[in-house]
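Residue numbers (our numbering), protein chains in the order written: chain A, 193 to 712; chain B, 193 to 712. For every residue, glycine included, the Cβ atom is placed at its ideal position computed from N, Cα and C.
Protein chains: 2
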Amino acid sequence: MKTLKSYVCGRWHEAASGFATLVNPSTEEEIARASSQGIDFGEVLAHAREKGGPALRAMTFAQRSGLLKEMSRVLRDHRDELLDLSRQNNGSTAPDGSFDLDGATGTLAFYSAMGKRLGDRTFLTEGEGVQLAKTEAFWGQHILVPRQGVAVHINAFNFPAWGFAEKAACALLAGMPVITKPATATALTTERCIELIVEANLLPEGALQLIVGNTGDLLDRLGPQDVLAFTGSADTAKMLRSKENLLASCTRVNVEADSLNAAVLGPDVAAGSPTFDLFLKEVAREMTQKAGQKCTAVRRILVPQDRMDEVQDALIARLEKVVTGNPADPSVRMGPLATANQLEDALRGLAELQQGARIVHGGAKRIDGVGAPEGKGFFLAPTLLRSDDARNAGPVHDREVFGPVATLLPYDATATAAAEVMALGGGTLVTSVYSDDAGWIGDFLVRGASATGRVYVGSQSSVGETPGSGAALPQTLHGGPGRAGGGEELGGLVGLRLYLQRLAIQGSKTLVNELAGVAS
Amino acid sequence: MKTLKSYVCGRWHEAASGFATLVNPSTEEEIARASSQGIDFGEVLAHAREKGGPALRAMTFAQRSGLLKEMSRVLRDHRDELLDLSRQNNGSTAPDGSFDLDGATGTLAFYSAMGKRLGDRTFLTEGEGVQLAKTEAFWGQHILVPRQGVAVHINAFNFPAWGFAEKAACALLAGMPVITKPATATALTTERCIELIVEANLLPEGALQLIVGNTGDLLDRLGPQDVLAFTGSADTAKMLRSKENLLASCTRVNVEADSLNAAVLGPDVAAGSPTFDLFLKEVAREMTQKAGQKCTAVRRILVPQDRMDEVQDALIARLEKVVTGNPADPSVRMGPLATANQLEDALRGLAELQQGARIVHGGAKRIDGVGAPEGKGFFLAPTLLRSDDARNAGPVHDREVFGPVATLLPYDATATAAAEVMALGGGTLVTSVYSDDAGWIGDFLVRGASATGRVYVGSQSSVGETPGSGAALPQTLHGGPGRAGGGEELGGLVGLRLYLQRLAIQGSKTLVNELAGVAS
Chain A
193 MKTLKSYVCG RWHEAASGFA TLVNPSTEEE IARASSQGID FGEVLAHARE
243 KGGPALRAMT FAQRSGLLKE MSRVLRDHRD ELLDLSRQNN GSTAPDGSFD
293 LDGATGTLAF YSAMGKRLGD RTFLTEGEGV QLAKTEAFWG QHILVPRQGV
343 AVHINAFNFP AWGFAEKAAC ALLAGMPVIT KPATATALTT ERCIELIVEA
393 NLLPEGALQL IVGNTGDLLD RLGPQDVLAF TGSADTAKML RSKENLLASC
443 TRVNVEADSL NAAVLGPDVA AGSPTFDLFL KEVAREMTQK AGQKCTAVRR
493 ILVPQDRMDE VQDALIARLE KVVTGNPADP SVRMGPLATA NQLEDALRGL
543 AELQQGARIV HGGAKRIDGV GAPEGKGFFL APTLLRSDDA RNAGPVHDRE
593 VFGPVATLLP YDATATAAAE VMALGGGTLV TSVYSDDAGW IGDFLVRGAS
643 ATGRVYVGSQ SSVGETPGSG AALPQTLHGG PGRAGGGEEL GGLVGLRLYL
693 QRLAIQGSKT LVNELAGVAS
Chain B
193 MKTLKSYVCG RWHEAASGFA TLVNPSTEEE IARASSQGID FGEVLAHARE
243 KGGPALRAMT FAQRSGLLKE MSRVLRDHRD ELLDLSRQNN GSTAPDGSFD
293 LDGATGTLAF YSAMGKRLGD RTFLTEGEGV QLAKTEAFWG QHILVPRQGV
343 AVHINAFNFP AWGFAEKAAC ALLAGMPVIT KPATATALTT ERCIELIVEA
393 NLLPEGALQL IVGNTGDLLD RLGPQDVLAF TGSADTAKML RSKENLLASC
443 TRVNVEADSL NAAVLGPDVA AGSPTFDLFL KEVAREMTQK AGQKCTAVRR
493 ILVPQDRMDE VQDALIARLE KVVTGNPADP SVRMGPLATA NQLEDALRGL
543 AELQQGARIV HGGAKRIDGV GAPEGKGFFL APTLLRSDDA RNAGPVHDRE
593 VFGPVATLLP YDATATAAAE VMALGGGTLV TSVYSDDAGW IGDFLVRGAS
643 ATGRVYVGSQ SSVGETPGSG AALPQTLHGG PGRAGGGEEL GGLVGLRLYL
693 QRLAIQGSKT LVNELAGVAS
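(1) Using a C-beta to C-beta distance shorter than 7 Å, which residues of chain A count as neighbours of B/Ala329?
(2) Compare the C-beta of A/Gly289 with all C-beta atoms of chain B and state if any pair is closer than 8 Å.
(3) List the residues that DSSP assigns as beta-bridge partners of B/Pro602.
(4) Can you tell me whether B/Pro522 is buried or exposed? The criterion is at least 16 other CB atoms within 10 Å of its CB, across all chains shown.
(5) Helix, strand or coil: which one does DSSP assign to B/Ser227?
(6) Taking 7 Å as the limit between beta carbons, can you name the residues of its chain near B/Val215, skipping five residues before and five after?
(7) Determine the extent of the alpha helix (DSSP H) in which A/Pro466 is found, giving its start and end residues.
(8) From which residue to which residue does the beta strand (DSSP E) around B/Glu320 run?
(9) Residues in its own chain within less than 6 Å of A/Thr213 by CB, not counting five upstream and five downstream?
(10) Quick one: list the residues of chain B neighbouring A/Pro416, beta-carbon separation under 7 Å, in chain order.
(11) Counting only beta-carbon separations shorter than 8 Å, does B/Thr702 have a partner in chain A?
(12) Considering A/His239, what are the terminal residues of the alpha helix (DSSP H) in which it resides?
(13) Would you report the Cα separation of B/Val655 and A/Ile335, rounded to the nearest angstrom?
(14) Give the residues of chain B in contact with A/Tyr648, contact being defined as C-beta atoms less than 9 Å apart.
(15) Does the ligand MN have a heavy atom nearer than 7 Å to the CB of A/Gly618?
(16) Taking Cβ positions only, does A/Gly595 come closer than 8 Å to chain B?
(17) Closer than 6 Å by C-beta to A/Pro459: which residues in its own chain qualify, once you throw out the five before and the five after it? Chain order, please.
(18) Would A/Cys434 pass as an interface residue toward chain B - the criterion being a Cβ-Cβ separation below 8 Å?
(19) Could you work out which residues of chain B lie near A/Leu637, taking near to mean beta carbons separated by less than 7 Å?
(20) Within a Cβ cutoff of 8 Å, which residues of the same chain sit near B/Ala538, ignoring the five residues on either side of it in sequence?
(21) B/Pro574 and B/Thr428: beta carbons closer than 8 Å?
(22) Starting from B/Glu592, find everything on chain A with Cβ-Cβ shorter than 8 Å and list it in chain order.
(23) For chain A, is any of its Cβ atoms less than 8 Å away from the one on B/Gln693?
(24) Starting from the Cα of A/Leu452, find the closest Cα among A/Lys197, A/Leu277, A/Gly618 and give me that residue.
(25) From the DSSP output, which residues share a beta bridge with A/Gln693?
(26) Short of 8 Å in beta carbon distance, which residues of its chain neighbour A/Arg438, apart from the five on each side in sequence? Order them along the chain.
(27) Excluding the five sequence neighbours on either side, which residues of its own chain have a C-beta within less than 7 Å of the C-beta of B/Leu259, listed in chain order?
(28) Answer with buried or exposed for B/Ser209, where buried requires no fewer than 16 other C-beta atoms within 10 angstroms of its C-beta.
(29) Would you check if the distance between the CB atom of A/Val342 and the CB atom of A/Asp418 is smaller than 8 Å?
(30) DSSP has A/Met526 in a bridge; who is on the other side?
(31) So, is A/Met614 buried or exposed, given that buried needs 16 or more other C-beta atoms within 10 angstroms?
(32) Could you tell me which uninterrupted beta strand (DSSP E) segments, each at least 3 residues in length, are contained entirely in the region 403-453 of chain A, listed from first to last along the chain?
(33) Compute the Euclidean distance between the alpha carbons of B/Arg477 and B/Ser284, then round it to the nearest angstrom.
(34) Where do the ends of the beta strand (DSSP E) carrying A/Val200 lie?
(35) Are the beta-carbon atoms of A/His270 and A/Leu388 separated by less than 8 Å?
(36) According to DSSP, is A/Leu665 part of a helix, a strand, or is it coil?
Structure follows, in structure tokens:
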């Protein structure tokens, strides 16, 4: 059995004890083991802060851009191998693995292109300079400079390549060194990504370190110039945010948490119309892609109340066609959940949801998977629930079941009601609206936009051109208020800001412009 | 004795019990009493969320701008009365009171002008739209919309007018209703400000409420769409940030905390030069303005090591001329500390600083003030300390004494050393650099900029034109990393962002542009 290694302080660290076992979630075969035992996290931080940080800060954006370009290339060059690891350890089908891996290389490439445009600077200016007194003898200019600490990235189990890469792209381009920590249970793909990057000798010493296994006292050692970016459950996020040292030193903490994303069918969308078909196709895909293990997946489906039966039947017709099983079998369209714990938690969650809704398709128990040994594998069938009282559906607005599970909820066809029901989720990463009525969508935005980080509009005019609501594209914000964690990632330049300190420079115009590198 | 009232739910609330007493800090006469007892904070929040929020969100920026303009006018029209209240309750000299009040009206006017420029929109767009697929059928645009909660502002005792106004200007212009809570001990001026605004009937119902006294369970009731902005001590900030409900619902919390701001004398600045004189004049003013009770005051003075004696003598010569006493006496240039507690805390702090430094001017005990009754008043003389080992000066980098107190620290004349010593403060609101050598200042910035929220450069080219490093101007950022709280206020549009939710809209270009109000 393979033993995964951490990459710290410029060397590969193999632990001698304290191992967790990684399994293939389709077969429950043991495939690797991982432990961080023996790592001196103080040394890891010092290595990043004293070697990686200064090296990155001395580089221009164009130079850092070059690093990302090479990282993207190396991962793309090993696409097949990485997809195979993802199948083994994450139970990913080929399209699911591609969604993760092509997302990773695409995001690295996007930020590489942005860095090239930012050019031969080492920090950013923001906005125009502004005169602060009666003459140009007192002038102000905002700049954004790299924070002189380390970026610690704690990623979720569901995106072993993209999770690492989307965070690392932003931090490295901004000029901060990275310590990345994948979820232990699915660390196989991430470890190989880092190994490829290290073997290719692309990055300055200390710019990128990998922790496989638990983080020991790493987080207790973070200070005012460091950044912690976490993707995962709201409960873990709250625990991390509450850490004494992070609160005391105002360490920046960015969270992307599971949220109860909503898809809304507008009242204008007739059965059989292209927009209706798009709605059905995309909702079914959002439920089943990566077996529903996406923080952007649709969990609540808001439907005009007189259309509930129609939508329910049409969605079930699509879900019935999904073949669940071992991705090694070519007929399989949806894989297992990633771990035994995830399956258990999903089953517990389904029991809770039934306090506020009833199952209309699928079921609340493990199934056998096509192409998987009998009794083995963490398979859950696509499961649709329904509540007929959206405002009193209890856990439906609060309990995320991280699997192929969503709940139909009725509303009275007004934009106000749709926005109010959506907002019962306490903040979402994404809300999708299927409608061709700009006026209705506008009303929905006025009432509900502040409760979400992204509004995806599915309409006749975009059929066939979009990757759907679940894709977190580097050009646009990934993050949302409240339950979604309150974080901000990606979104072009927005994604760099987490790693930059904004400050004002004040003084005479000539001096300020010289310091900011702005032509007077 | 006057009883201060809260303004909640559209009416003035006078408590029947639970009073704190407000005194004149120069004479210790009792001047007013304050209590929030009997207020139903659930009702206060509902009033803001259900009345004030919708009314403000329905207004355009231009309309909200009009509100701020009128608020500024009303306060300016009562300038003399408000300065008198500030003298009575804060012990402010006329220049100190003006610094607060003119800062308040100026900041309201600045944001009013900005709102006018933002025009007939109700929310903001950010950046250019971006094509997300091969055609314009999938397009993205970031927008910033008002959060649909309430902005709770907890202000410090030292700026009763500006503290209220700078926060309220940003929140109201962004479209969020405000509940403002001044420090109880110095609430006299703030209460009158709100009374003037209410009497003038300027704002929509529920847009602005005032709590005089403690906040009861107000903060425990905040949720995901609310914002808490706090100015005060790092300890209180940490306590607020740690509140369970704020952590659980990702309520936005912005903090401006006391910090150990540094002034740095560059090695190029010769004795007797205009820049040297500017340094002395401004550092002496930063130490004594508002009796040193400013979060932006200079606490650490970094001087090339061979210039320590010279700077010490020159600063003492200036500090010796400061007449400390009752601002009612026309000879007085510096007033008392604001409360007995503040004096006690400053004396405790001075004792702690002496673990790492020695007093070279002033003293570590209360003095009698000119024009004040013997034995009465919270007076502390301007006090200069000195350490000859900047890197081992212990509490000097950590313990803020919120009074007319600063410490001289030597460095070896290199920009690297100056930046490192500055950064020992763990994050500052402002760092001032006195130098005419752009190369040296540039080196200092590269090494130290990320440890501060603002760099103020005092040079020959700006002599006579600047308000000094202590003024937090609305055009430029007020906030700093780490010890300074990690917050961001003011800075033009930056100041609005705390109250706005950023989101991406995705869909076909035509639809997105129509929703975002952008011309295609």
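On the basis of the coordinates in this document:
(1) Residue mapping note: residue 329 of chain B aligns to position 137 of the second sequence, counting from 1. Ordered by position in chain A, the residues that pass the 7 Å Cβ test against B/Ala329 are Ser653, Ser654, Glu657.
(2) The residue you call residue 289 of chain A lines up with position 97 of the first sequence. No, A/Gly289 does not count as interfacial toward chain B.
(3) Counting from one through the second sequence, the residue named residue 602 of chain B turns up at place 410. B/Val495.
(4) Residue mapping note: residue 522 of chain B aligns to position 330 of the second sequence, counting from 1. B/Pro522 counts as exposed, since fewer than 16 other beta carbons sit within 10 angstroms of its beta carbon.
(5) Translated into positions along the second sequence, residue 227 of chain B becomes position 35. Looking at B/Ser227 - three-state DSSP - the assignment turns out to be coil, as it is neither helix nor strand.
(6) For the purposes of this step, residue 215 of chain B is taken as residue 23 along the second sequence, with counting starting at 1. Cβ neighbours of B/Val215 beyond the five flanking positions: Glu221, Glu222, Ile223.
(7) The residue given as residue 466 of chain A occupies position 274 in the first sequence. Counting along the chain, the alpha helix (DSSP H) containing A/Pro466 begins and ends at 466-480.
(8) What you label residue 320 of chain B is simply residue 128 of the second sequence in a count that begins at 1. For B/Glu320, the enclosing beta strand (DSSP E) begins and ends at 316-323.
(9) By 1-based counting over the first sequence, the position of residue 213 of chain A is 21. Around A/Thr213: Glu222, Arg225.
(10) Taking the first residue of the first sequence as position 1, residue 416 of chain A is located at position 224. Residues of chain B passing the Cβ test: Gly618, Gly619, Pro673, Gly674, Arg675.
(11) Working through the second sequence from its first residue, we reach residue 702 of chain B at position 510. Yes - at least one Cβ of chain A is within 8 Å of the one on B/Thr702.
(12) Within the first sequence, numbered from 1, the residue matching residue 239 of chain A stands at position 47. A/His239 -> alpha helix (DSSP H) spans 233-239.
(13) Along the second sequence, one-based indexing puts residue 655 of chain B at 463. Along the first sequence, one-based indexing puts residue 335 of chain A at 143. Rounded to whole angstroms, the gap between the alpha carbons of B/Val655 and A/Ile335 is 23 Å.
(14) Along the first sequence, read from residue 1 onward, the residue named residue 648 of chain A stands at position 456. The contacting residues are Ala696, Ile697, Gln698, Gly699.
(15) In the structure on display, the ligand MN does not appear, and there are no ligands present to speak of.
(16) The residue labelled residue 595 of chain A in the question sits at position 403 within the first sequence. Not closer than 8 Å to any Cβ of chain B, the Cβ of A/Gly595 fails to qualify, so no.
(17) Locating residue 459 of chain A in the first sequence gives position 267, counting from the first residue. Pro496, Ala605, listed in sequence order.
(18) In the first sequence, the residue the question calls residue 434 of chain A occupies position 242. According to the sequence provided, residue 434 of chain A is Ser. The question's Cys does not apply to it. Closer than 8 Å to the CB of A/Ser434 there is at least one CB belonging to chain B.
(19) Locating residue 637 of chain A in the first sequence gives position 445, counting from the first residue. Against chain B, a Cβ distance below 7 Å from A/Leu637 picks out Leu707.
(20) For the purposes of this step, residue 538 of chain B is taken as residue 346 along the second sequence, with counting starting at 1. Within the same chain, Cβ atoms closer than 8 Å to the Cβ of B/Ala538 are found at Leu529, Leu572, Val593, Phe594, Gly595, Val597, the five residues on either side in sequence being excluded.
(21) For this step, residue 574 of chain B is matched to residue 382 along the second sequence. For this step, residue 428 of chain B is matched to residue 236 along the second sequence. The answer is no: Cβ separation not under 8 Å.
(22) Within the second sequence, the letter at position 400 stands for residue 592 of chain B. Correct list: empty, because the minimum Cβ distance to chain A is about 15 Å.
(23) Taking the second sequence and counting its residues from 1, one reaches residue 693 of chain B at position 501. Chain A, which has a Cβ nearer than 8 Å to the Cβ of B/Gln693, makes this yes.
(24) The count along the first sequence starts at 1 and reaches residue 452 of chain A at position 260. Selected option, being the one with the closest Cα: A/Gly618.
(25) Taking the first sequence and counting its residues from 1, the one referred to as residue 693 of chain A is at position 501. For A/Gln693, which the question treats as bridged, DSSP gives the partners A/Val337.
(26) Within the first sequence, numbered from 1, the residue matching residue 438 of chain A stands at position 246. Note that residue 438 of chain A corresponds to Leu in the displayed sequence, not to Arg. Around A/Leu438: Leu411, Leu414, Leu420, Leu432, Val445.
(27) Indexing the second sequence from 1 puts residue 259 of chain B at position 67. Apart from the 5 residues on each side of it in sequence, B/Leu259 sits with its Cβ closer than 7 Å to the Cβ of Leu364, Leu394, Leu395 in its chain, given in chain order.
(28) On the second sequence, residue 209 of chain B is found 17 positions in, with the first residue counted as 1. Exposed: under 16 other Cβ atoms inside 10 Å.
(29) By one-based count along the first sequence, residue 342 of chain A stands at place 150. By one-based count along the first sequence, residue 418 of chain A stands at place 226. Yes, these two residues count as a Cβ contact at 8 Å.
(30) Within the first sequence, numbered from 1, the residue matching residue 526 of chain A stands at position 334. A/Met526 has A/Thr516 as its beta-bridge partners, per DSSP.
(31) As a position in the first sequence, residue 614 of chain A is number 422, starting the count at 1. Under the 10 Å beta carbon count, A/Met614 is surrounded by 16 or more other beta carbons and is classified as buried.
(32) At a cut-off of 3 residues, the continuous stretches assigned as beta strand (DSSP E) that sit fully inside the region 403-453 of chain A are 419-424, 444-449.
(33) Position 285 of the second sequence holds residue 477 of chain B. Position 92 of the second sequence holds residue 284 of chain B. When rounded, the distance between both Cα atoms is 15 Å.
(34) As a first step, residue 200 of chain A must be located in the first sequence, where it is residue number 8. Residues 198-200.
(35) Here residue 270 of chain A refers to the residue found at position 78 of the first sequence. Here residue 388 of chain A refers to the residue found at position 196 of the first sequence. Yes, Cβ-Cβ distance for A/His270 and A/Leu388 is below 8 Å.
(36) Taking the first residue of the first sequence as 1, we reach residue 665 of chain A at position 473. Coil, per DSSP.
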